[in-house]
Amino acid sequence: MDEKDLAKMSPGARSAAPRGSEAKAFQKSGIELLIRFHIVDKIAKIYDIGNDAFLEQGRLLHESLAAALAEAGEVELRVRHGTLMLNALRLKFGVGTYGIFKSVLEELRTRGVEAVTFRPGLAREELLRFMSVFAKRDRKAEAGFARLEADLDAAGVEHVDLERISDEEVVQGLHQNAARMFFLSIVHLKESFSRDQRNEPIKINTTRRLMQSIYNHIVEDEAFIQGLTNIKNHDEYTLNHSVNVCLLATALGRRLGLSRAELVDLGMAAFFHDLGKTQTPLDILNKPGRLTDAEREIMEKHPFHGAEKLVLLKEFRRLPLRAIHVALEHHIKEDLSGYPRYFKKDDVNLFSKIVKVVDVFDAITTRRVYRAKDFTRAEALSVMLEQSGTEFNPVILKAFVNMMGVFPIGTLVALTTGEIGIVRDLNPETPYLLRPTVKIVADADGRKIDGPLADLAEKDPVTGRYLRTIATPLDPAKYGIEVSDYFLAEAAD
Amino acid sequence: MDNSQNPRPRDAAGMGTSPDAARVEKVKDLLHYLANTVSAMKIFPSDHATVRNFVDQLTAKFADFLAVQQKLQVGIEEFTFTYEGRPVYSDEVAIKSLPFFFFKDGLHILYFYQGLDRPEVLDFLELIKNEAQRPAEDSDIVAALWERDFPNIQYYAPDEFLESRILAERRGADLQRPDLPGLPEELARETIEVRIDASKLTQGRIDLDPGDREEILKASGRAEEETPDPGAPAAETRESGERSPAAAMDPTLTEAELQALERMVRSNRTISAEEEYINLMVEIVFLEEDAAGCRASLDALLEYHFDRLQRGDFQVPVLIIQKVQELGRHIAGDPGKQALLGSFLKRTVSPKTVEAIKSLLEKKKALDWESLLGFFGLLGAPSLGLAADLYGVAPDGEARHKILDFIERTGAPQPGLLSALADPARPDLAREIVAILTRLPDREGLPHLSAFLNFPNREVKLEVVHALGRIRDEMANRILLGFLKDPDEEVRIQSAMKLDPGEGGARVQQILREATAPGFRSKSLKEKEAILSFLGRTRSPEALAFLGRTLRTAPIFGSRKSLEMRLAAVAGLESLATEEASVLLQKGAIGRTKAVREACTAALTRMPTPGKAKG
Chain B
1184 MDEKDLAKMS PGARSAAPRG SEAKAFQKSG IELLIRFHIV DKIAKIYDIG
1234 NDAFLEQGRL LHESLAAALA EAGEVELRVR HGTLMLNALR LKFGVGTYGI
1284 FKSVLEELRT RGVEAVTFRP GLAREELLRF MSVFAKRDRK AEAGFARLEA
1334 DLDAAGVEHV DLERISDEEV VQGLHQNAAR MFFLSIVHLK ESFSRDQRNE
1384 PIKINTTRRL MQSIYNHIVE DEAFIQGLTN IKNHDEYTLN HSVNVCLLAT
1434 ALGRRLGLSR AELVDLGMAA FFHDLGKTQT PLDILNKPGR LTDAEREIME
1484 KHPFHGAEKL VLLKEFRRLP LRAIHVALEH HIKEDLSGYP RYFKKDDVNL
1534 FSKIVKVVDV FDAITTRRVY RAKDFTRAEA LSVMLEQSGT EFNPVILKAF
1584 VNMMGVFPIG TLVALTTGEI GIVRDLNPET PYLLRPTVKI VADADGRKID
1634 GPLADLAEKD PVTGRYLRTI ATPLDPAKYG IEVSDYFLAE AAD
Chain U
144 MDNSQNPRPR DAAGMGTSPD AARVEKVKDL LHYLANTVSA MKIFPSDHAT
194 VRNFVDQLTA KFADFLAVQQ KLQVGIEEFT FTYEGRPVYS DEVAIKSLPF
244 FFFKDGLHIL YFYQGLDRPE VLDFLELIKN EAQRPAEDSD IVAALWERDF
294 PNIQYYAPDE FLESRILAER RGADLQRPDL PGLPEELARE TIEVRIDASK
344 LTQGRIDLDP GDREEILKAS GRAEEETPDP GAPAAETRES GERSPAAAMD
394 PTLTEAELQA LERMVRSNRT ISAEEEYINL MVEIVFLEED AAGCRASLDA
444 LLEYHFDRLQ RGDFQVPVLI IQKVQELGRH IAGDPGKQAL LGSFLKRTVS
494 PKTVEAIKSL LEKKKALDWE SLLGFFGLLG APSLGLAADL YGVAPDGEAR
544 HKILDFIERT GAPQPGLLSA LADPARPDLA REIVAILTRL PDREGLPHLS
594 AFLNFPNREV KLEVVHALGR IRDEMANRIL LGFLKDPDEE VRIQSAMKLD
644 PGEGGARVQQ ILREATAPGF RSKSLKEKEA ILSFLGRTRS PEALAFLGRT
694 LRTAPIFGSR KSLEMRLAAV AGLESLATEE ASVLLQKGAI GRTKAVREAC
744 TAALTRMPTP GKAKG
């Protein structure tokens, strides 16, 4: 870490927070420190304090911290409203560092820690002792903080201070609010569609505010939001689908490193991407079986109609321009085939590429009267990967797969124990891609139960083997399972 | 989760410990100062000394408080700010009340954290000012705070506000429906509730089919065979490919892919919104099959065109016209759409254009004349009138020079359009147009100078006459002859003086008819001299005979007019400058009329030696 960068962030220097290029340098140095912290934390979970890898990585973390402490006086890592602050400046993550951010944030929160402050005089051995105690996996938020403090005292850690998480950081009713936001989005979109048809102004300010709320929910618990996209309302397919696309696009855009303002624009674009379908006759939209050529021609007009509607809206100026891109381009393929065909433009906007990926994913995982088979979420990713580079932008698709995981949230899985579960959260670390957290919904005998949340990365301490492994993904439709009910049940708790 | 930065109030209802009086006083003082600073900013610009002073003081007050307390949490009620449950600032005049300004958009709590510095305070104040100045339907302080994402100013705005707004908007729409006379009670009280029958999730069984059971058995066997090695979990990813096809790939993005993504995101940020919008609109027009729809899209584009013109952003209109012209070429086989595009292009030139530019000039906005004239250039000849209008309002010589240059370039192929730009109300431009017409190659502008024969402005006509006089050309002469009938004497005189005698006998006859007409004698001496001088310059025998006769006609009781005729004949003979003319003048120099004698003597003195005279 660059000492001078951190020095600018010392508590005494906070009134002169860096801006512009200085802020960029600080971000770079801060993220480096965060990565070192993360690496040592992960190693400390697996190895004892005498392990070579632990010692080496601990040495590197200590070097960074010692240099920073010499310059800044103190180094404080703080959770504030779903983000991480280093000496009062917010750290920003990119697509490559999202997993580390999420992991460190979770590590602090699950231990009931709002801030960790490293103070001058911190020796390497003391840092290693701190990391070893901190990394223990059995900490839970309820009693975790007190026990953690006691353990640190017992380990003789004197130059690291912890601050207990405040009420402000413990968000109440998180899932319930997220689910309400989901349904509110449908209400608002329905109202927007119907206002458009009545030629009345659409409440763009409300949409924007809604998108901001969606962003906040994604920051707070992306896994639950992804879980909500399992909700499939077949009667209001377009509305439900548009909201799902909006949620997934915003989450994906966040992974890609888009700014908050860009994410709101992306969310709005995704939200209105199928506005043109209001002009497509319902008997075509819902026709069982194949469309005739004439019907297909009408169907394929919806991107154009959507874009046209948006540009003619009275509130057009308050809409992001990219909403028009997305409405018009979300059926144009990566190789520029698809529809509509431009006469001149030879590229497709980034937002359109993002929406295209999530649009197809949500569409093919939804049961429709005209399709013989809908795909499970895991199958959908595989099917889409086969069209990487032709239908989809390969890098965006890969980022999407990275976000969704090999077994996306909401995937119904059978475990090697015979239990059946629903993927509830992903393990952000690459080595554990196949080991998400699973809500057990049926025991080994097939009886439905309100089972525990099982972390598939957990091992039997005696045998060193994983306690549970995914044996196979299951088709929920085959077993009459409505995956979304399990997420809604969480919200109703 | 709430639509905010999401902090939850710890003691919003005043449940915290009793604050000490000094601290409360500090908060009161600070919030009063905040309100006063916002008021000052609504009156003065941000760099005004008064505002600077307010911001300095406010920053100091924040720093002073936060140095001790680390955080200031301000509760927001309809017209009141609270601190630890106690009212600390109130203003019940909704239109100016700062608490109400926050409250109306659902803001419940503001948090200020240690680290708040002057730039952040100023940004916060600017944000309030800007939002307050926006139209009500556009303004939302919570959305603005969210977007600005201050590091040390956070807020709490519960999602319930958004929920009630969305439901109210729906109810409002329902109320306007004619088929819905009254709002049902349950709808009026409606909120979104998430309900689920949890019992169905824990009752019953999931009986897997044999195929899935077989998969479990196989996977269990594989798990048993695995050697426990906590250090190498990554290998599992590849093995699991057969279980889930997506697992066959490692979805971790490579460095090259990360860089590709970064490039995409960066490039997305550098796209010109204007150009993208135009591109999209042109594509929409291309795709549109319905004429009414096409017209509507073009209208939207036209509106954008004028909007940009009004902002002085002339590059956008240039782009619009270029793209529409390009589309026009592409759809050459679609006459209906071609006509719409043609009509669109015509409409891009309208009095609104000049009004927009004039308005910019009135606002003393520095115009990018190059871009503006580039825009006119695309429009071609139809823009000449606009350019002419702007010439009169251009702020300086340089701008005028550019406009004239444009007019000359654009009007050259159609000089008739140039002469049409000459407006008596704009004599300066008219004189420049005369100069341009005169400069045009191959004398193509010459015939169009006749357009000035009926021009009311004397200076401009004289400019034309002088210009014509410099051109030895039959066409120029014909126009000059036309000017001999001008109501303005000076114009007639100058025209006569500039007339080229040439070789045309017809012209001599015309002037002789004029000179012998009854009215000629009534003209001034100067004009008579000018016309008879022209006659002399023709050096024709008829002219000599007429001039000699006129000089000799000396009635005993001659009038002033008769005298002037003779004096004018002297001038004509001087111009003739032949031996015969000299003889006639010598005779006149010894005549009985003193004035004639003197004139003839003076003329003979000035005359070159006969025979060497020009002509």
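From first to last, the protein sequence lines stand for chains B and U. Counting from 1184, one number per residue, gives the positions in the first sequence under this note's numbering. Counting from 144, one number per residue, gives the positions in the second sequence under this note's numbering. For each residue, glycine too, the CB sits at the ideal point set by N, CA and C.
- Nearest CB-CB separation between A1298 (chain B) and chain U: not below the 8 Å threshold.
- Fewer than three beta-carbon pairs drawn from the stretch 356–372 of chain U and the stretch 1538–1556 of chain B are found closer than 8 Å, and the two stretches are therefore not classed as touching.
- The Cβ of S1396 (chain B) sits closer than 8 Å to at least one Cβ of chain U.
- In the same chain as C1429 (chain B), and ignoring 5 residues on each side of it, the C-beta atoms closer than 6 Å to its own belong to G1450, A1453 and F1454, in chain order.
- S667 (chain U) places its beta carbon 8 Å or farther from that of S718 (chain U).
- Straight-line spacing of the CA atoms in L1244 (chain B) and I1653 (chain B) works out to 35 Å.
- Taking 7 Å as the upper bound on Cβ-Cβ separation, chain U lies near residues G1629, R1630, K1631, I1632, D1633 and K1642 of the stretch 1626–1645 of chain B.
- For the stretch 400–440 of chain U, the full-length alpha helix (DSSP H) segments reaching 4 residues or more read 416–430 along the chain.
- Annotation: Cβ neighbours of Q346 (chain U) in chain B (cutoff 7 Å, chain order): K1631.
- Rounded to the nearest angstrom, the Cβ distance from K1622 (chain B) to T345 (chain U) is 12 Å, too far for a contact under 8 Å.
- For the pair of segments examined, the stretch 1477–1488 of chain B was found not to touch the stretch 1556–1567 of chain B: the number of CB pairs separated by less than 8 Å stays below three.
- The way I'd put it, the stretch 495–502 of chain U doesn't touch the stretch 464–480 of chain U; fewer than three beta-carbon pairs between them come closer than 8 Å.
- When DSSP states are grouped into helix, strand and coil, F1526 (chain B) belongs to the coil group.
- Closer than 8 Å to the CB of R1443 (chain B) there is at least one CB belonging to chain U.
- In the DSSP secondary-structure assignment, F255 (chain U) is bridged to U:L215 and U:I296.
- One Cα belongs to V1447 (chain B), the other to Q276 (chain U), and the distance between them is close to 23 Å.
- Taking 8 Å as the cut-off, the Cβ atoms of F1313 (chain B) and V1287 (chain B) do not count as close.
- For R1292 (chain B), the enclosing alpha helix (DSSP H) has its first and last residue at Y1281 to T1293.
- If you compare the alpha carbons of B:T1463, B:K1460 and B:H1488 with that of E431 (chain U), the shortest gap goes to B:H1488.
- Under the three-state reduction of DSSP output, F1670 (chain B) falls in the helix class.
- In chain order, G1629 and Y1662 make up the part of chain B whose C-beta sits under 9 Å from the C-beta of D350 (chain U).
- Residue range L1636 to D1638 is occupied by the beta strand (DSSP E) that includes D1638 (chain B).
- Considering only U:P494, U:H544, U:K506 and U:K495, the residue with the shortest C-alpha distance to L516 (chain U) is U:H544.
- Setting aside the 5 residues that flank it on each side, V459 (chain U) is surrounded in the same chain by E417 and R451, each with a C-beta closer than 6 Å to its C-beta; the list follows chain order.
- Bounds of any alpha helix (DSSP H) do not take in R229 (chain U); it lies within the beta strand (DSSP E) bounded by R229 to S233.
- Each residue's CA atom was taken as its position, placing L404 (chain U) and I1579 (chain B) some 8 Å apart.
- The beta-carbon of H1456 (chain B) is placed no less than 8 Å from the nearest beta-carbon of chain U.
- Using a CB distance cut-off of 8 Å, F1558 (chain B) does not count as an interface residue toward chain U.
- Under the 8 Å criterion on CB atoms, T1475 (chain B) is classed as non-interfacial with respect to chain U.
- Residues of the stretch 1410–1443 of chain B that bring their beta carbon within less than 8 Å of a beta carbon in chain U comprise L1439, G1440, L1441 and R1443, in sequence order.
- As far as DSSP is concerned, G479 (chain U) takes part in no beta bridge.
- Annotation: the continuous beta strand (DSSP E) that includes F1301 (chain B) extends over V1296 to F1301.
- The C-alpha of G1604 (chain B) lies about 13 Å from the C-alpha of G1410 (chain B).
- Contact with chain U is found for R1392 (chain B), since one of that chain's Cβ atoms lies less than 8 Å from the residue's Cβ.
- A Cβ-Cβ distance of about 6 Å is found for the pair V1596 (chain B) and L1657 (chain B), placing them in contact under the 8 Å criterion.
- In the DSSP assignment, G471 (chain U) falls within the alpha helix (DSSP H) that extends over Q458 to H473.
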